[in-house]
Amino acid sequence: MSGKIYEWKNLGESKEIHTEVLVIGTGCGGATVAYELAKLGKKVTLIEEGGYYHTGTFDNHELNMAGKVSAERNMATTADGTVNIVYGKNVGGASVHYWADSYRTPKDRLELWKDKFGVLGHGPEDLEPFWKELDDTLNVHPAKEENYNKMNQLVRKASKELGWEGNPVPQARKNCQKSGHCMQGCMFGAKQSQLITHIPMAMALGADLYADTKALELELEGDKVVGLEAVVIDRPSQKESEVKLRFKADTVVVAAGGFGSSTFLLKNGLKKKLPALGEFLAINPSPFVHALYKEPIIQWRNIPSAYGVEEFRLARYAGGIYREGGYLIMANQLQPAAIGALVPGFGAEHFEVMKELPRLGGTIGWIDDPDTELGRIEVKSSGKREVQYSFGPLTKEILRDCIRKQVTLNFKAGAYKVILPDLKRTVLTKPEEIGVVDSLPLTPASMAMAAPHPAGGCRMGLDPKSSVVDWKHKVHGISNLYVSDSSVFPTAVSVDPSYTIMAFSKRAAQFISEKKS
Numbered sequence: 002m003s004g005k006i007y008e009w010k011n012l013g014e015s016k017e018i019h020t021e022v023l024v025i026g027t028g029c030g031g032a033t034v035a036y037e038l039a040k041l042g043k044k045v046t047l048i049e050e051g052g053y054y055h056t057g058t059f060d061n062h063e064l065n066m067a068g069k070v071s072a073e074r075n076m077a078t079t080a081d082g083t084v085n086i087v088y089g090k091n092v093g094g095a096s097v098h099y100w101a102d103s104y105r106t107p108k109d110r111l112e113l114w115k116d117k118f119g120v121l122g123h124g125p126e127d128l129e130p131f132w133k134e135l136d137d138t139l140n141v142h143p144a145k146e147e148n149y150n151k152m153n154q155l156v157r158k159a160s161k162e163l164g165w166e167g168n169p170v171p172q173a174r175k176n177c178q179k180s181g182h183c184m185q186g187c188m189f190g191a192k193q194s195q196l197i198t199h200i201p202m203a204m205a206l207g208a209d210l211y212a213d214t215k216a217l218e219l220e221l222e223g224d225k226v227v228g229l230e231a232v233v234i235d236r237p238s239q240k241e242s243e244v245k246l247r248f249k250a251d252t253v254v255v256a257a258g259g260f261g262s263s264t265f266l267l268k269n270g271l272k273k274k275l276p277a278l279g280e281f282l283a284i285n286p287s288p289f290v291h292a293l294y295k296e297p298i299i300q301w302r303n304i305p306s307a308y309g310v311e312e313f314r315l316a317r318y319a320g321g322i323y324r325e326g327g328y329l330i331m332a333n334q335l336q337p338a339a340i341g342a343l344v345p346g347f348g349a350e351h352f353e354v355m356k357e358l359p360r361l362g363g364t365i366g367w368i369d370d371p372d373t374e375l376g377r378i379e380v381k382s383s384g385k386r387e388v389q390y391s392f393g394p395l396t397k398e399i400l401r402d403c404i405r406k407q408v409t410l411n412f413k414a415g416a417y418k419v420i421l422p423d424l425k426r427t428v429l430t431k432p433e434e435i436g437v438v439d440s441l442p443l444t445p446a447s448m449a450m451a452a453p454h455p456a457g458g459c460r461m462g463l464d465p466k467s468s469v470v471d472w473k474h475k476v477h478g479i480s481n482l483y484v485s486d487s488s489v490f491p492t493a494v495s496v497d498p499s500y501t502i503m504a505f506s507k508r509a510a511q512f513i514s515e516k517k518s
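Residue 304 in our numbering sits at position 303 of the sequence shown; the count goes up by one each step and never skips.
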């Protein structure tokens with residue numbers, strides 16, 4: 002029996018809903034755990050604060066789609082304004098606007114989490130059965146040659162000439178049309194997001210979906226959650242309506258994402274019981290470098306990342322002193338309006354760059370946050386979420402090295418002008434000028450960069466004083482409350498986390514099912 006979709010338009014009166022498992026959030030974590038539990042015969046209900054937008058409503062316009070598939074239109078920042086926070090608030094979560102990069106969790110990261118943080122039951126041997134399932138469900142494969150746009154071709158060629166290790170990026174796509182609108186949601190349904198995979202698969206097994214439904218307050222009795230109060234959001238105004246929904250469930254799974262799950266639990270007053278709640282936040286800061294080439298680049302066509310430079314994924318140290326690395330590098334992809342906003346400069350100098358838009362390319366780095374310099378999420382007395390994340394000395398070294406390597410790569414690829422991301426608009430015209438990177442201040446709000454891959458805030462571990470959930474995803478001290486998304490990761494993943502989230506969520510479903518049985 003197929004489940005039903007409920008939206009603001011057909012949620013006109015307050016009511017109480019009973020279910021076996023209530024899942025808060027519909028991204029890579031929530032959708033996957035919902036499908037797995039529905040497959041095991043559980044009655045599952047998903048709720049999502051954002052709207053339900055099927056692919057037929059996508060129009061490829063940047064501004065329109067930002068309002069549908071990007072929370073706060075990607076305009077939210079860390080508390081000091083340094084980094085833009087990128088996440089989803091829609092059915093399917095961030096997977097609707099993600100790049101579809103589908104890396105299996107590196108073995109070294111799983112071993113680190115086990116040895117240093119006590120994450121049991123999630124080793125390579127535990128996750129191995131899930132990779133084939135996910136590959137089949139999401140049609141994951143190495144990026145095909147036909148999907149290499151000009152910038153990806155240049156990155157591959159230049160990195161090989163530099164002797165840097167790199168590989169095709171595994172992609173979750175089927176019948177890609179090469180439109181280049183991946184971050185606006187794929188109107189062709191080629192990108193295998195949760196919107197078109199695990200969510201409809203779960204619904205086919207009877208799961209119900211409540212969109213435009215904001216989780217408010219957990220109802221606790223002793224060590225057990227007995228209910229959840231939620232409110233229906235009026236989608237046109239984005240304001241809370243007068244319609245309240247009360248969910249009664251045997252098990253509650255919080256899967257509101259790396260920025261959302263700890264925020265929700267903090268608002269429910271669990272910080273005193275769980276001192277690690279909101280702490281140890283990684284955000285994957287992503288500095289990018291723009292570059293002008295003599296040939297057309299047209300960076301906004303085809304897929305974003307066909308080839309990834311993996312040479313520097315792990316930071317390298319000598320005698321305990323940082324030397325280099327701690328990031329991935331890929332070709333960047335931005336649509337014209339985003340380029341206009343993110344290329345530094347104003348007036349005539351900005352106009353001169355924008356005139357060359359078809360020949361503007363560039364790269365992006367994904368920083369593997371040092372686990373000694375992580376941030377945190379706070380909820381103020383007003384109820385407002387604040388993401389506190391300041392660059393520590395090691396993070397600054399890694400950022401500078403990442404920018405230096407991107408400068409080197411773009412010049413090797415044939416760029417005649419490289420534009421750094423600092424707001425002072427530092428421009429380099431030859432490789433020998435790379436030393437200027439060392440003088441970048443990296444002070445708050447001094448350069449444009451994004452935070453697309455949060456991790457932590459509900460860290461997994463053995464000790465309730467330093468973690469929020471145990472290795473079976475259960476919140477310490479609460480018998481039927483679980484977390485299943487990137488917020489449980491003890492550190493950043495060092496690659497795109499989406500596949501890791503899905504694998505961990507499959508594991509979480511096993512633990513939840515064992516508990517209930």
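Ideal Cβ positions, reconstructed from N, Cα and C, are used throughout, including at glycine.
Pairwise C-alpha distance: residue j and residue i
i: GLU14; j: GLY57; result: 28 Å
i: PRO305; j: GLY384; result: 36 Å
i: PRO455; j: GLU387; result: 14 Å
i: GLU37; j: CYS177; result: 27 Å
i: PRO143; j: LEU111; result: 22 Å
i: SER518; j: VAL227; result: At SER518 the pLDDT is 48, less than 50, meaning the model places this residue with poor confidence; the figure from the coordinates comes in the next sentence. If I take the Cα positions, the gap works out to 18 Å.
i: MET448; j: ILE435; result: 17 Å
i: VAL476; j: SER287; result: 31 Å
i: ILE479; j: THR430; result: 59 Å
i: LYS175; j: GLN195; result: 14 Å
i: GLU63; j: SER160; result: 31 Å
i: ALA95; j: LEU219; result: 24 Å
i: ASP439; j: GLY393; result: 15 Å
i: LEU47; j: TYR318; result: 45 Å
i: THR198; j: PHE512; result: 22 Å
i: ASN333; j: LYS516; result: 44 Å
i: GLU21; j: HIS474; result: 18 Å
i: SER514; j: GLU222; result: 22 Å
i: LYS151; j: ALA101; result: 19 Å
Residue environment, residue i, which counts as buried when at least 16 other CB atoms sit within 10 Å
i: ASN285; result: buried
i: PHE347; result: exposed
i: GLY28; result: buried
i: PRO422; result: buried
i: PHE248; result: buried
i: ARG324; result: exposed
i: GLN239; result: exposed
i: GLY42; result: exposed
i: ILE322; result: exposed
i: GLN407; result: buried
i: HIS19; result: exposed
i: ARG74; result: exposed
For residue i, the first and last residue of its enclosing beta strand (DSSP E)
i: LYS249; result: 240 to 255
i: VAL70; result: First-last for VAL70: 63 to 70, but that is the alpha helix (DSSP H), not the beta strand (DSSP E).
i: PRO171; result: 171 to 173
i: VAL496; result: Premise fails: VAL496 is in no beta strand (DSSP E) and is neither H nor E.
Short CB-CB distance (under 8 Å) between residue i and chain B
i: TYR54; result: The chain inventory of the structure shown lacks chain B, comprising one protein chain alone.
First through last residue of the alpha helix (DSSP H) which encompasses residue i
i: ARG405; result: 394 to 413
i: ARG157; result: 151 to 162
i: GLU37; result: 29 to 40
i: LYS133; result: 125 to 139
i: ARG110; result: 108 to 118
i: MET202; result: 199 to 205
i: PRO337; result: 337 to 343
i: VAL354; result: 348 to 356
i: LEU267; result: 262 to 268
Rounded distance between the beta-carbons of residue j and residue i, thought under 8 Å
i: VAL34; j: ALA205; result: In fact, because the Cβ distance is near 16 Å, the residues do not count as touching under 8 Å.
i: VAL469; j: LEU217; result: That pair is no contact at about 20 Å.
i: PHE352; j: PRO491; result: With 8 Å as the limit, PHE352 and PRO491 do not qualify as a contact, their Cβ atoms being about 46 Å apart.
i: PRO169; j: TYR328; result: Not really, about 19 Å apart at Cβ, beyond 8 Å.
i: VAL310; j: MET331; result: 7 Å
i: ASN85; j: ALA452; result: 7 Å
i: LEU139; j: GLN185; result: Actually they do not touch by this definition, with Cβ atoms about 20 Å apart.
i: ARG508; j: HIS123; result: 6 Å
In DSSP terms, what residue i is bridged to
i: MET331; result: GLY309, ILE365
i: MET461; result: VAL470
i: LEU47; result: VAL24, LEU210
i: TYR318; result: TYR323
i: ARG386; result: VAL380
i: ALA572; result: Absent from the model: residue 572. The displayed extent of the chain is 2 to 518, so no value can be given.
i: PRO52; result: The sequence given here has Gly at residue 52, not Pro. According to DSSP, which records beta bridges pairwise, GLY52 is partnered with ASN91.
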